[in-house]
Structures are given as C-alpha cells and as structure tokens.
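Accompanying notes for the structure given below.
Numbering (UniProt numbering), first residue to last: 1 to 318.
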C-alpha cells in the first residue's frame, strides 16, 4: 500500500498528541487547587457514556457502509457495551434513580466501573489484531471478528462472575488495582502495536486511535495509586482523561465518515466524467463511421458510373 501521508505530516500529528498530553498534565498539576472539579464528575461521566454510545453507533455505521475494516465492528460493539455499563453505574449512583433498582450501588461497584474499562481495553487490543488481518478475504475476516467478539464477551462474563467472588474478602479498590493494571497493559500493547505498524502513514483514522489511546492510558494511570494523589482528585482526573479519550475518538469517527463521504463523492464525479467522455467518444466514433460510410458510398457510386460509361462506349464503337 502506498503511503498517504509524508513523514513531516506524521511528525506534526505526533506533535499535536505530545502537546495535548503536556497541557493535560499541566492541568492535572494545577487541578489540586480547583475545588469545582468534584462537582462535575457525574456530569463528565454522563457525557462520557453518551459519547461512548455514539462512538459505537458510528463505528457500526462505518463498518456496514463499506465493510473494509473489521476493527470498526469490534470497536462499535465494544463501545455500545461500555456505554450501557457506564450509564447503568451512573444511574445507580444518583439518588433520584435509586428507587428504580433493587440492588444498591455498592453491590455492583467496582465490577461495572472497573471491568468496563478492562473490557474496552481488551476490545482495543482485539481491534489492533484485526487491523493486521485487513488484507484477508472479507468473509474470513467477519468470521474472525465474530469469534473474537464472542471470546471477548465470554471473557468479560467469566471475569465478572469469578472476580466478584475472588475479591469478596478484599477491599473494592484492591480489585480495581488488579484489573486496571491489566487494562493498562492492554492499552500499552495496543499503542505499541499501532505505532509500530506505521498506520498513520496510510490511514488518518489511525492518528485518532493513537491519540485516543494515549488519553486512555492516562486515565488508567490516574485511576491507579501510582502517583500518590488524593482519591477524589485521582478519580476526577481519570474520568476527565477518559472523557477526552472518548471525545477524540468520536471526532475521529466523524472525520472518517466525512472522508468516506468525500471519497465516494469524488468517485461519483470521476465516474460521471468518464461516462461523459465515453459518450462523447461514442458520438465521435459514430460520426466518423457515418462520414466513412458516405465516402465509401460516393466512391462506389463513382466507380459504378465509370463502368457504365465504358459499357456504352463499347456499344457505340461496335
């Protein structure tokens, strides 16, 4: 495949990612003095869940429109699942909706919060694996994708049922540390895979994927107690990084669909231009054929006249 972007263009995109990380870390350094951050956590969680839902829908639309990359299918189903889990946990956290559920929030936390992140990181990892298989036959790719989805969902269900009993005697945050570390490893492996594959030289969407993955990794780091931050501040920064990651990926999908639309529009215009050229060529060929036929008719008529004159001359001579 021919490279679509130059080395300088890729460097500019990498500079955008690094600059965004720098400003986020600067904000995180100064955010300890912002007392208003904790008041927006539920609102950010709500928008993150909504954005995850739209990402899932757009990803499925992107896949079923052209059916060229199976990773869109994986990301779509993964984000739809995560959006439902996040909104469910958010509704459990609000007292206004607590009467609608028979289970308290403490019974499902941290399963819905932590395992949704682990599940999403695993989906990202599988999407990278599917991207490597993009040159396979589409039917084979779809079979591999559905097998991968089934395996991911099965793993998710098994982990929920197993670890909820395994960590019953431990604090909830100990469970979160183990699972979030696992999610962090998945994200790091996925980021390394996308970076080494040099996808940003060929596809613009890979830039948005890598951009989103960097903030997903930051979200995992801030969720873990590695930075020795206050619990509320750590959770707020993790939620904000997750929201930024979803926002970036949503922009990436919108950009991808727009590029696909413009590409189809360009292809239609090119097809229209070729059809017009074909029509003009056909018309010129028909005109040339009629002229050639007329000349041939006149030439044949002239020969016939000369032959008739010769016959009359022979008769008169005799």
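Heads up, the beta-carbon is just placed ideally off N, CA and C, and yes, glycines get one too. Values in this document were obtained by computation on a predicted structure and should not be read as measured data.
Among 8, 221, 195, whose alpha-carbon lies nearest the alpha-carbon of residue 184? Against the chain shown, residue 184 aligns to sequence position 184. Among 8, 221, 195, the Cα nearest to that of residue 184 is on 221.
For residue 167, does the three-state DSSP call read helix, strand or coil? Position 167 of the chain shown, counting from 1, holds the residue named residue 167. The predicted model places residue 167 with a pLDDT of 48, which falls under 50 and marks its position as unreliable, so this point remains unresolved.
Going straight from the alpha carbon of residue 129 to that of residue 16, what length do you get? For the purposes of this step, residue 129 is identified with residue 129 of the chain shown, where counting begins at 1. For the purposes of this step, residue 16 is identified with residue 16 of the chain shown, where counting begins at 1. Straight-line Cα distance between these residues: approximately 26 Å.
Apart from the five residues on each side of it in sequence, which residues of its chain come closer than 6 Å, Cβ to Cβ, to residue 60? The residue given as residue 60 occupies position 60 in the chain shown. Same-chain partners within the cutoff: 76.
Taking one C-beta from the region 227-235 and one from the region 197-205 each time, how about it: are there three or more such pairs within less than 8 Å? no
Which of the three DSSP states, helix, strand or coil, is assigned to residue 403? Lying before the first or after the last residue shown, residue 403 is absent from the chain, which here runs from 1 to 318.
With distance defined between alpha-carbon atoms, name the residue in 14, 127, 25 nearest to residue 238. Numbered from its first residue, the chain shown carries residue 238 at position 238. With distances taken between Cα atoms, residue 238 lies closest to 25.
Once the 5 residues before and after residue 49 are set aside, which same chain residues still bring their CB inside 7 Å of it? One-based indexing of the chain shown puts residue 49 at position 49. Answer for residue 49: 83, 86, 87, 90, listed in chain order.
What number of angstroms, rounded off, separates the C-alpha of residue 255 from the C-alpha of residue 291? If you number the chain shown from 1, residue 255 lands on position 255. If you number the chain shown from 1, residue 291 lands on position 291. In a straight line, the C-alpha of residue 255 is about 53 Å away from that of residue 291.
Contacting residues, own chain, Cβ-Cβ under 7 Å from residue 44 (five flanking each side not counted): For the purposes of this step, residue 44 is taken as the residue at position 44 of the chain shown. Around residue 44: 239, 240, 243.
Pop quiz: residue 192 and residue 215 are said to be a contact at Cβ under 8 Å. What is the actual Cβ separation, rounded to whole angstroms? Here residue 192 refers to the residue found at position 192 of the chain shown. Here residue 215 refers to the residue found at position 215 of the chain shown. About 16 Å; that fails the 8 Å criterion.
With distances taken from CA atoms, which of 81, 178, 118 is nearest residue 52? Translated into positions along the chain shown, residue 52 becomes position 52. Measuring from the Cα of residue 52, the nearest candidate turns out to be 81.
Under 8 Å, do residue 343 and residue 235 count as touching if we go by C-beta distance? Only positions 1 to 318 of the chain appear in the structure, and residue 343 is not among them; the question remains open.
Please report the residue range of the alpha helix (DSSP H) in which residue 20 lies. Start at 1 with the first residue of the chain shown, and residue 20 comes out as number 20. Residue 20 -> alpha helix (DSSP H) spans 7-30.
Short check: CB of residue 46 to CB of residue 118, under 8 Å? Translated into positions along the chain shown, residue 46 becomes position 46. Translated into positions along the chain shown, residue 118 becomes position 118. Not closer than 8 Å, so no.
Residue environment, residue 123, which counts as buried when at least 16 other CB atoms sit within 10 Å: In the chain shown, residue 123 corresponds to position 123, counting from 1. Classification for residue 123: buried.
Between residue 250 and residue 54, how many whole angstroms is the CB-CB distance? I'm expecting something under 8 Å. By 1-based counting over the chain shown, the position of residue 250 is 250. By 1-based counting over the chain shown, the position of residue 54 is 54. Residue 250 to residue 54, Cβ: 6 Å. Contact.
Which of helix, strand or coil does DSSP assign to residue 70? Working through the chain shown from its first residue, we reach residue 70 at position 70. In the three-state reduction of the DSSP assignment, residue 70 falls in the coil class.
Just how far apart, CA to CA, sit residue 14 and residue 209? If you number the chain shown from 1, residue 14 lands on position 14. If you number the chain shown from 1, residue 209 lands on position 209. If I take the Cα positions, the gap works out to 12 Å.
Pull up the CB-CB distance for residue 5 and residue 260, whole angstroms please, since I reckon it's below 8 Å. Reading the chain shown from its first residue, position 5 is the one you call residue 5. Reading the chain shown from its first residue, position 260 is the one you call residue 260. That belief does not hold up - the Cβ atoms of residue 5 and residue 260 are roughly 17 Å apart, past 8 Å.
In angstroms with no decimal places, state the Cα-to-Cα distance between residue 30 and residue 63. Taking the first residue of the chain shown as 1, we reach residue 30 at position 30. Taking the first residue of the chain shown as 1, we reach residue 63 at position 63. So the two alpha carbons sit approximately 41 Å from each other.
State the DSSP-derived secondary structure class of residue 64, mapped to helix, strand or coil. For the purposes of this step, residue 64 is taken as the residue at position 64 of the chain shown. Helix.
Please name the residue, chosen from 223, 219, 187, that lies closest to residue 365 on a Cα-to-Cα basis. This structure leaves residue 365 out entirely; the chain is present only between 1 and 318.
Spatial neighbours of residue 217 within its chain, please: C-beta separation below 8 Å, excluding the five flanking residues on both sides. Within the chain shown, the letter at position 217 stands for residue 217. Result list for residue 217: 184, 187, 188, 191, in chain order.
Are residue 120 and residue 78 closer than 8 Å when you measure CB to CB? Numbered from its first residue, the chain shown carries residue 120 at position 120. Numbered from its first residue, the chain shown carries residue 78 at position 78. Less than 8 Å divides the Cβ of residue 120 from the Cβ of residue 78.
Helix, strand or coil, according to DSSP, for residue 227 in the structure here? Numbered from 1 along the chain shown, position 227 holds the residue referred to as residue 227. In this structure, residue 227 counts as coil in the three-state DSSP scheme.
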